[in-house]
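Working notes, beginning with the structure itself.
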Amino acid sequence: MNHLKNQTSPYLLQHADNPVDWFPWCEEAFSLAEKENKPIFLSIGYSTCHWCHVMAQESFEDEEIAEILNRYFICIKVDKEERPDIDYIYMEACQALTGSGGWPATLFLTPEKKPFFAGTYFPKHSMYGRIGLKELLFIIHEKWTNDRTAIMQSSEKITFLLNRNPDGEDAKTGSHGRQNDYLAQEASADSETESAFFQDLLQKAYQMYALSFDKKYGGFGTAPKFPTPHHYLFLMRYYEKTGETNALQMAEKSLYRMYLGGLFDHIGGGFCRYSTDQSFLVPHFEKMLYDNALLISAYCKAYQLTKKECYLEAAKKTADYILREMTDTDGGFYSAQDADSEGEEGKFYLFEPSEIKEVLGEKDGEAFNRYYDITEKGNFAGKSIPNLLKQDRHDEDFSASLEKLYHYRKSRYQLHTDDNILTGWNGLMIAALSRLYRITGRSSYLNAAKNAEKYIEAEAPEEQVLYVSCKNGTHGETGFLNDYANMIYGLLSLYEATLELKFLKKALRFCDKALASFYDEKHGGFFLYGEENEKMILRPKEVYDGAMPSGNAVMSYNLIRLYFITEQKRFQEYALQQFRFIRENIREYPMGYAMHLSALSDYLTPPDQVTIVPDETGLPKGLSCKIPPDTVIRILESPNEEYPLKDHKTTFYICRNFQCNPPVNQIDSSTFFAD
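Residue numbering for the sequence shown is 1 to 675, as defined by this note's numbering.
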């Protein structure tokens, strides 16, 4: 019997009608495996994963494969977005065993949850140079039956290796555990020497970006190219702090090319997950909430630095897409939209010239096709992905045509939306919309951010507890580090946008919870799962930035930001321990730690700061829009001897470049850029 029908995860529900006797991850499944003396077949994926769909259609919906799985295995389905702890641990096992990873992840475990074989996608029968799932299942069954000792030895060895880091230390000490003894001794080291070391890390990171930069097309390396907006946010911060124009140029070229290419949906707005080619023309058409959140922030930053309208347009069109298609009626943001329609990747997004002319008319259709590169030859599977990469000018107004095509496109094919509401990803979007509000002054963005925060709060009424997800009034697992880190990040951005202290106070409460539940007081760094989560076969610390920043990286940013806002020394000390904990990792491969680098940059060269002392009338509406994003905002609840009111009116104390200006009663954006 399939046990997924009462789950809330959209991914698990996609498999609720499979003939496979799926269990969710639960003790019942492992107890049954032990009782019946069967290995575990573990499949990990997510609802908008193209190859997950393919494997499901080929194998998990197939009666023959299901019969083999049900006879010889206990089968468990896991949504990687709901259980990042399980995904992280078993993806580490997959990479250790095969040298690579990805989704769907396919693993075989002992009833004690220890992996002994792993892979990703397997076709039903052997093809593409891959063994077929049918053949593999029989091989695993035969080994389990006749050579159990070898399997158990293998599982013990893999588990042992997973619990040891590259330096040979126990994983509980975190990454590079052997460093921790001398790092603790260095805590009292000469601060100037340490600062010079950290500055050198930033410079080496910039140099690595420069060496890896694709000067022709933008981005880094060759295909596939992921957006990784945190790279560009670091480079733009580096430009701000050092004046290194090449850092800004690398970020600009990349962001501009991504916006012109097929990676951006020119008709509906929003960015796809990654580009399959070097030039950002052909995307993998899936859209993820976290990518779009981080990209809104990156394009806002590019506009803030350059005042080029194209960057603001990219941010607004992406946000409008989120508000239009990815927002629940109660305020939360959905997770993703699929790449496939009617079983074909990209079908929803592709056009032929005749189709455009039929919708827009001959004249307007011809002009649209010419401008957006819709040709008879096509640029993907004989059809065309709208893009502007071949245009010398990008200032023509096709807004009316785009509106018609948007509605027409929605009527052609259905596009699956993963309507799960993930706390951590919502935190990133709250931050993005808060920043966009401060640049545009458009209240719809701020209201959406506030509604999402209200939704998350309603789903987690306990004061310091977050959950991974919520849907239809039911919440998922107790939150992991990323959930707390990203929600704190969102709350700090919401505080800066609204200037309401209640959001800062919530951020402080969740930060205290994260420190209590996830922080390793002995060796530094934050564990992926907390004291209240299920205990797994290892307790890792995720430090590397992938498609989105790691929880440790976001906590580095949060801690240093909270120190600047509250001036509580403990946050500075925790932040410094974070930088010491991660510094050797950064030195080995700086490009993998962009968010850590951004936080480190702010630690070494603090942002501008404004302390606001309100008078009895309170703060004027829209005040945050006059203060550049990234400026540290401190709001006092009442005047004091150090910060009195000037002329009995709301007073602003502005500090920049390690010096403070005389207090003033009025500010605008130019106040912060005057020399």
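Ideal Cβ positions, reconstructed from N, Cα and C, are used throughout, including at glycine.
None of these values were measured; they are calculated from a predicted model.
Residue i classed as buried or exposed, judged by whether at least 16 other C-beta atoms fall within 10 angstroms
i                 : result
cysteine 272      : buried
glutamate 27      : exposed
cysteine 94       : buried
alanine 516       : exposed
asparagine 482    : buried
methionine 326    : buried
threonine 149     : exposed
glutamate 309     : exposed
histidine 394     : exposed
tyrosine 299      : buried
glutamate 376     : exposed
arginine 570      : exposed
tyrosine 589      : exposed
asparagine 665    : exposed
phenylalanine 138 : exposed
lysine 301        : buried
alanine 458       : exposed
aspartate 694     : In the structure displayed, the chain extends from 1 to 675; residue 694 sits before or after that span and is not available.
lysine 5          : exposed
histidine 53      : buried
glutamine 578     : buried
glycine 177       : Note on glycine 177: pLDDT 33, under 50, position unreliable in the model; the coordinate value appears next. It counts as buried.
histidine 501     : Per the sequence shown, the amino acid found at residue 501 is leucine instead of histidine. Answer is exposed; the Cβ neighbour count stays below 16.
Under the three-state DSSP convention, the category residue i falls into
i                 : result
alanine 184       : Only weak support exists for where alanine 184 lies, its pLDDT of 31 falling under 50; the coordinates are left without a value.
proline 166       : Confidence at proline 166 is low in this model, with a pLDDT of 37, below 50, so the placement of that residue should be treated as unreliable; the coordinate-derived value is given next. Coil at proline 166, not helix or strand.
tyrosine 72       : helix
aspartate 418     : strand
proline 620       : coil
tyrosine 529      : coil
proline 644       : coil
aspartate 352     : According to the sequence displayed, residue 352 carries glutamate and not aspartate. It is coil, neither helix nor strand.
proline 283       : strand
glutamine 249     : helix
glutamate 542     : coil
valine 465        : coil
glutamine 391     : coil
glutamine 14      : helix
glutamine 666     : coil
isoleucine 151    : helix
lysine 377        : coil
phenylalanine 333 : strand
glutamine 199     : helix
Boundaries of the beta strand (DSSP E) in which residue i is found, first to last residue
i                : result
phenylalanine 23 : 22 to 24
serine 43        : 40 to 45
isoleucine 654   : 651 to 656
isoleucine 627   : Premise fails: isoleucine 627 is in no beta strand (DSSP E) and is neither H nor E.
N- and C-terminal bounds of the alpha helix (DSSP H) containing residue i
i                 : result
glutamine 578     : 569 to 588
isoleucine 612    : Segment 609 to 613 is the beta strand (DSSP E) holding isoleucine 612; no alpha helix (DSSP H) there.
arginine 561      : 551 to 566
tyrosine 371      : 362 to 371
tyrosine 299      : 289 to 306
isoleucine 267    : Neither: isoleucine 267 is in no alpha helix (DSSP H) and is coded neither H nor E.
arginine 324      : 309 to 325
arginine 438      : 423 to 440
arginine 273      : From DSSP, arginine 273 is part of no alpha helix (DSSP H); its letter is neither H nor E.
valine 54         : 50 to 55
threonine 242     : 229 to 242
phenylalanine 213 : It is not in any alpha helix (DSSP H) - phenylalanine 213 carries neither H nor E in the DSSP assignment.
lysine 30         : Note that residue 30 corresponds to phenylalanine in the displayed sequence, not to lysine. From DSSP, the alpha helix (DSSP H) with phenylalanine 30 extends over 27 to 36.
glutamate 637     : No alpha helix (DSSP H) holds glutamate 637; DSSP gives it neither H nor E.
isoleucine 456    : 443 to 459
Cβ-heavy atom distance, residue i to the ligand ADP, below 6 Å
i             : result
glutamate 616 : This structure lacks the ligand ADP, and indeed carries no ligand of any kind.
Any chance you could list the alpha helix (DSSP H) runs of at least 4 consecutive residues sitting entirely within the stretch 78 to 146, in chain order?
-> 84 to 98 and 133 to 146
In chain order, each beta strand (DSSP E) run of at least 3 residues that lies wholly inside the stretch 469 to 523 = 469 to 471
Kindly confirm or deny that the stretch 642 to 652 and the stretch 602 to 619 touch, where touching means at least three C-beta pairs closer than 8 Å.
-> Contact between the stretch 642 to 652 and the stretch 602 to 619 is established, with three or more Cβ pairs separated by less than 8 Å.
Given 8 Å as the limit, is there contact between the stretch 414 to 433 and the stretch 470 to 489, that is, 3 or more CB pairs closer than that?
-> yes
Is the stretch 278 to 294 touching the stretch 237 to 247 in the sense that three or more CB pairs, one from each, lie closer than 8 Å?
-> no
Inter-stretch contact (C-beta, 8 Å, three-pair minimum) for the stretch 41 to 48 and the stretch 8 to 17 = Touching, yes, given that three or more Cβ pairs across the two stretches are closer than 8 Å.
At a cut of 8 Å, does the stretch 349 to 358 reach the stretch 467 to 475 through at least three beta carbon pairs?
-> The stretch 349 to 358, when compared against the stretch 467 to 475, does not touch it at the 8 Å Cβ threshold.
Is it true that the stretch 106 to 114 meets the stretch 33 to 45, where meeting means three or more beta-carbon pairs spaced less than 8 Å apart?
-> yes
Are three or more beta carbon pairs between the stretch 204 to 214 and the stretch 585 to 603 nearer than 8 Å?
-> yes
Any contact of the stretch 69 to 79 with the stretch 17 to 24, i.e. 3+ C-beta pairs under 8 Å?
-> yes
Are at least three pairs of beta-carbons, each pair with one atom in the stretch 442 to 449 and one in the stretch 371 to 389, less than 8 Å apart?
-> Too few Cβ pairs lie closer than 8 Å, so no.
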